[in-house]
Every structure is written in C-alpha cells, then in structure tokens.
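Take 206 as the starting number for the sequence shown in my numbering and just add one per residue.
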Amino acid sequence: MLTRTDEAGGVPLVRTTTRYGSPAQRFRAVHERLARRIQERTALSAGFNNALIESYTNAYTTMGGHSDQALDLADESFIAVFSCYRDPEAGPSRKLIFESKGSDGGEKFEIPLTHHGVVVFSVDTNRRLRHKIVLDASARAVDNPWLGVTFRTSKTVVRFRDGDAWLPQGERLTLADDEQSREFYQLRRRENRETDFTYPPLTYTVSESDLMPPV
C-alpha cells in the first residue's frame with residue numbers, strides 16, 4: 206500500500222478487507238511522477254493520493270469479480286490501473302473484465318492490460334459493475350509476470366497523534382473486534398452485490414497497518 210501524505214501530515218486512508226501487518230509506504234518520486242502523468246493525460250480534476258501495488262504470475266488465476274472497496278474513496282473520483290510486464294515485447298498477458306452485478310447477464314466487456322497502459326474508471330462505474338483481472342488464455346504458455354499499480358483518491362485523511370490515528374470527524378480509528386469484523390465483511394459482500402450500496406460511517410479497520418504511520 207502506498208499513500209501520499211499532505212503538507213499537514215495527514216494520511217489518506219483506503220480501508221480494505223485485506224489484513225496487513227506492516228505500515229503503508231509513502232509515495233516516492235517515481236509514484237508522484239506516475240500519478241501526475243496519469244492525471245494529466247486523462248484530464249482528471251482530482252489527483253491521486255493512495256495506491257495499491259500488486260504482482261501476478263501465471264500461477265494466479267483465482268480472482269473473482271468484485272468492486273473495489275469504496276468506503277474511503279472520494280465521491281466522483283476515479284480509479285486508475287497502471288500495468289507493466291517483465292517482458293514488454295511478449296504482449297499483454299492480463300486483461301480486465303467488467304460485468305454487471307445483476308444476474309440477468311447484462312453489460313460485459315474486457316480491456317487488455319497493455320504494458321505501460323492505464324485503464325481509468327469512475328467510482329460510479331465501480332459501484333455499478335464488478336471487475337476482475339484474468340490471465341489471457343493465449344498467454345498461458347509463457348509466464349510473463351504482471352505488475353499493476355491501482356491509484357485512487359481517498360476522502361478519509363487520518364492524522365496521527367500520541368500514537369493513535371484520528372479520523373476527520375474527530376473519532377479515534379480502532380482495530381475491529383470480532384463483531385465489527387463480521388459486520389465489515391458483511392458490508393463488503395453487499396457492496397459486491399448491490400449497485401446502490403453506500404457504507405455507513407465506520408470508525409474501525411480490520412488491518413493493523415491502518416493504525417501505523419506510513420514509512
């Protein structure tokens with residue numbers, strides 16, 4: 206996880222169901238340049254302040270359709286997936302498939318994840334459609350690892366004080382107990398099914414890393 210702290214030391218938070226034990230990393234110069242270049246090329250009004258880095262080999266083929274968790278994503282912002290491969294000349298081995306959340310077999314389309322290419326979609330699209338990154342069947346013969354950086358814009362800027370993380374409304378961010386964890390995952394399942402889902406205010410996280418200042 207990468208985060209771009211603001212001038213006052215605020216840390217843009219994006220909570221997910223993944224549990225991390227290490228603190229987020231600060232944006233380095235290369236991440237700043239890439240985020241800025243994507244914003245300029247796509248003419249987006251809001252800059253990116255949080256990112257997730259993932260790397261897949263051909264062994265990973267189990268991603269299910271989902272919406273990116275939008276609890277902390279800014280309204281009317283965008284999600285950008287930047288791709289690169291170990292062997293750029295081999296052609297894209299991964300593609301991004303979008304499909305309707307309904308069971309009526311509605312909207313569905315796919316986009317190749319090309320080397321140094323970017324796929325940008327709005328949080329509204331993220332709410333309406335599920336997506337998944339899959340291995341292209343034609344690329345199975347050669348393992349060409351994919352590395353992706355998913356940029357997003359957080360509306361939840363936490364501030365660290367006296368060893369605690371504080372949410373914008375003034376509440377302390379806490380680690381979820383068992384009951385809260387169950388609620389968090391139930392809400393996440395609803396988000397992946399419902400096109401009009403919105404999160405209630407939550408003051409907890411399931412990931413210890415969210416309680417640690419970035420390094």
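Glycine residues also receive a C-beta, built at the ideal position from the N, C-alpha and C atoms. Values in this document were obtained by computation on a predicted structure and should not be read as measured data.
Cβ-Cβ distance between residue i and residue j below 8 Å
i      : j      : result
Asp415 : Leu218 : yes
Phe196 : Pro418 : Outside the shown range of the chain (206 to 420) lies residue 196, about which nothing can therefore be said.
Ser305 : Gly311 : yes
Phe287 : Leu249 : no
Leu340 : Arg393 : no
Thr358 : Gly252 : yes
Val363 : Gly215 : yes
Thr262 : Val325 : no
Thr223 : Ser343 : no
Test: residue i CB closer than 8 Å to a CB of chain B
i      : result
Glu399 : No chain B appears in this structure, which consists of one protein chain only.
Reduced DSSP secondary structure (H/G/I, E/B, other) of residue i
i      : result
Asn254 : coil
Asp367 : coil
Thr267 : coil
Gln274 : coil
Ala285 : strand
Leu207 : strand
Val216 : strand
Ser260 : strand
Ser386 : helix
Glu399 : coil
Leu249 : coil
Arg233 : coil
Glu159 : No answer is possible for residue 159: the residues shown for the chain start at 206 and end at 420.
Ser298 : coil
Exposure label - residue i; buried when at least 16 CB within 10 Å
i      : result
Ala285 : buried
Asp277 : buried
Arg220 : buried
Glu399 : exposed
Gln244 : buried
Phe314 : exposed
Ala240 : buried
Arg209 : buried
Tyr390 : exposed
Thr410 : buried
Ala264 : exposed
Glu396 : buried
Ala213 : exposed
Leu234 : Checking the sequence, you will find Ala at residue 234 rather than Leu. It counts as exposed.
Mind the definition here: the region 270-279 touches the region 328-344 only if three or more C-beta pairs lie below 8 Å; say whether that holds.
-> Under the 8 Å Cβ criterion, the region 270-279 counts as touching the region 328-344, having at least three qualifying pairs.
With a cut-off of 8 Å, do at least 3 Cβ pairs link the region 252-271 to the region 348-359?
-> yes
Unbroken beta strand (DSSP E) runs of length 3 or more, entirely within the region 314-381: which are they?
-> 323-327, 334-340, 351-357, 361-366, 369-371
Given 8 Å, three or more beta-carbon pairs between the region 379-389 and the region 325-332 | no
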